[in-house]
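Asks: Under numbering that gives the first Met the number 0, the very last position in the sequence shown is 348; numbers go up by exactly one each time.
All C-beta atoms, glycine included, are put in the ideal place defined by N, C-alpha and C.
The structure that follows is given in the form of structure tokens.
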Amino acid sequence: MQTYIIYIGLLISIWLLAKIADKKNKKAFLILAIIILSFVAGFRAYSVGIDTINYDNKFSLIANGDLEYAYGLEEGFKYLCLVLLKICNSSTFLFVIFATITNACVLLRMWDFRHMSSLGCMVVCYYIGFYFMTMNVMRQFCAIAILFYFTRLLSQGKYFKYCAVIAITTLCFHQSALIGLAFLVLEIFNWKTLSRKQKRILIFGLFLIPFASVIVFSTFEEYQHYFSSMDLDVGFMLPLKIIFFMVTVILSGAKNKFKNNNNETLSVSLYYLLGLLITCLGYAFTFMDRIGWYFYIFEGVYMGIVLRNASKSNKIFYSFCLLFLMGYSFVNILMNGSQGVIPYSFIWN
């Protein structure tokens, strides 16, 4: 019962805080939502989340100076943890820090989109679709959240700074962050609105593709065995979301509902569609869906755009579809706890 009270209460709380933040245009309410989410994720018992106990074991090794035995972690991440453990020698302290980084990056980036997307919808979609995974695939979700936040640099034309963020995130959190280079490639779809400087940088980047490809392929070499065999296990949620995406594009396009913020809307739509398609690889290849999460996390932004720009009649239809898609996922989490988050308990329980 405690688990249901916490998770359902959390959902209602952050939705209300997001609605108030949006209505009053005060970020403080969204920051409170970040604190609440990070508190629950950070102070979880080590039994909550499939990988939590493994992280605790590795953090203990790092704290003892046995970094070489903390297998599977990036060297930069090990040294980052070592520094943090010097401040407070507690795995829970690290869980709180990384949960705060993840939730802050995601929700603060969503705050940027509030002028074109429903903030309440964005926050709820993140909570149901990704929050529970952050308590399992913690390191990678830090990387996903950081890149999600710094995609703001793309609209500002700060491509070199964005590349620097990718490099740091790859070294200090998760090497899959290299997939973030794909966001630069997708800038081509906004070519007409780019400045001369942005176009020159992207053209220059074309000549670097061969060198970047070598780095990317060598980095992902250890993941090649995931493609050696196919284990087809098709679900229905992602195909349904793809169908919903196509329906909303057709209906919204026909009525020209996305005429405002066209470039941003186009980018978000491309990111979300790419995320859906790549994540579908997980139906056939183990763990390959995780690469798609870097784009899939734009789901809430896209859904919020759809709701905000829909006509009254379409809004009812979209709301019903979203209620089913998100409601089913949330109930499934509570019933099955596939991320190992059921039952929930605090570290002091």
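1. Could you work out which residue in K157, T264 and Y130 is closest to V248 when comparing CA atoms only?
2. So within the segment 122-209, which uninterrupted alpha helix (DSSP H) runs reach at least 4 residues, ignoring any that extend past its ends?
3. How should Q174 be labelled, buried or exposed, when 16 other C-beta atoms within 10 angstroms of its C-beta is the threshold for buried?
4. Please name the residue in L10, S89 and T168 whose C-alpha comes closest to that of N63.
5. May I have the straight-line CA-CA distance separating A253 from K240, to the nearest angstrom?
6. Spell out a yes or no on whether the segment 122-129 and the segment 75-95 are touching, meaning 3 or more CB-CB pairs, one atom from each, closer than 8 Å.
7. Leaving out five residues on either side along the sequence, give the residues of the same chain with a beta carbon under 7 Å from the beta carbon of G26.
8. Does the segment 105-119 come within contact of the segment 67-77, defined as at least 3 CB pairs closer than 8 Å?
9. Quick one: what's got a C-beta closer than 8 Å to Q139's C-beta in the same chain, skipping five residues either side?
10. Return the CA-CA distance between F159 and L153, expressed in angstroms with no decimal places.
11. Quick check: the Cα distance between F345 and Q338, rounded to an integer number of angstroms?
12. Sorted by chain position, which residues of the same chain lie with C-beta nearer than 7 Å to G179's C-beta, five sequence neighbours on each side aside?
13. Just grab the DSSP bridge partners of F345 for me.
14. Which word fits T192, buried or exposed, when buried means at least 16 other C-beta atoms lie within 10 angstroms of its C-beta?
15. Tell me whether Q1 sits in a helix, a strand or coil according to DSSP, three-state version.
16. Drop a sphere of 10 angstroms on the beta-carbon of A163, count the other beta-carbons inside from all chains shown, and report buried for 16 or more, exposed for fewer.
17. Report, in whole angstroms, the separation of the C-beta atoms of G274 and F297, which I expect to be a contact under 8 Å.
18. Can you check the segment 41-120 for any alpha helix (DSSP H) of at least 4 residues that lies completely inside it and give the ranges in chain order?
Replies: On the basis of the data shown:
1. Taking the sequence shown and counting its residues from 1, the one referred to as residue 248 is at position 249. Comparing Cα-Cα distances from V248 to each of K157, T264 and Y130, the minimum goes to T264.
2. Segments of the alpha helix (DSSP H) lying fully in the segment 122-209: 137-149, 151-154, 158-171 and 180-184.
3. Position 175 of the sequence shown holds residue 174. Q174 should be labelled buried.
4. Your numbering for residue 63 matches position 64 in the sequence shown. N63 has its Cα closest to that of S89, out of L10, S89 and T168.
5. If you number the sequence shown from 1, residue 253 lands on position 254. If you number the sequence shown from 1, residue 240 lands on position 241. With a pLDDT of 46 at A253, under the threshold of 50, the modelled position of that residue is not reliable, and the figure given next carries that caveat. One C-alpha to the other measures close to 20 Å.
6. Contact between the segment 122-129 and the segment 75-95 is absent, because fewer than three Cβ pairs lie under 8 Å.
7. Your numbering for residue 26 matches position 27 in the sequence shown. As written in the sequence, residue 26 is Lys, which differs from the Gly given in the question. Cβ within range, chain order: A20 and W110.
8. By the C-beta criterion, the segment 105-119 is judged not to be in contact with the segment 67-77, since fewer than 3 inter-stretch pairs fall below 8 Å.
9. As a working note, residue 139 is residue 140 in the sequence shown. Around Q139: F172, H173, S175, R289 and W292.
10. As a first step, residue 159 must be located in the sequence shown, where it is residue number 160. As a first step, residue 153 must be located in the sequence shown, where it is residue number 154. For F159 and L153, the distance between alpha carbons rounds to 10 Å.
11. Within the sequence shown, numbered from 1, the residue matching residue 345 stands at position 346. Within the sequence shown, numbered from 1, the residue matching residue 338 stands at position 339. Roughly 16 Å separates the two Cα atoms.
12. On the sequence shown, residue 179 is found 180 positions in, with the first residue counted as 1. Residues of the same chain with a CB within less than 7 Å of the CB of G179, apart from the 5 flanking positions on each side, are L146, I165 and Y293 in chain order.
13. Within the sequence shown, residue 345 is the residue found at index 346, counting from 1. Bridge partners of F345: R43.
14. One-based indexing of the sequence shown puts residue 192 at position 193. With fewer than 16 other Cβ atoms within 10 Å, it is exposed.
15. As a first step, residue 1 is located in the sequence shown; it is residue number 2 there, counting from the start. Correct three-state label for Q1: helix.
16. By one-based count along the sequence shown, residue 163 stands at place 164. Result: exposed.
17. Counting from 1 along the sequence shown, the entry for residue 274 is found at position 275. Counting from 1 along the sequence shown, the entry for residue 297 is found at position 298. Indeed they touch by this definition, with Cβ atoms about 6 Å apart.
18. The segment 41-120 contains these whole alpha helix (DSSP H) runs: 51-62, 74-86 and 90-111.
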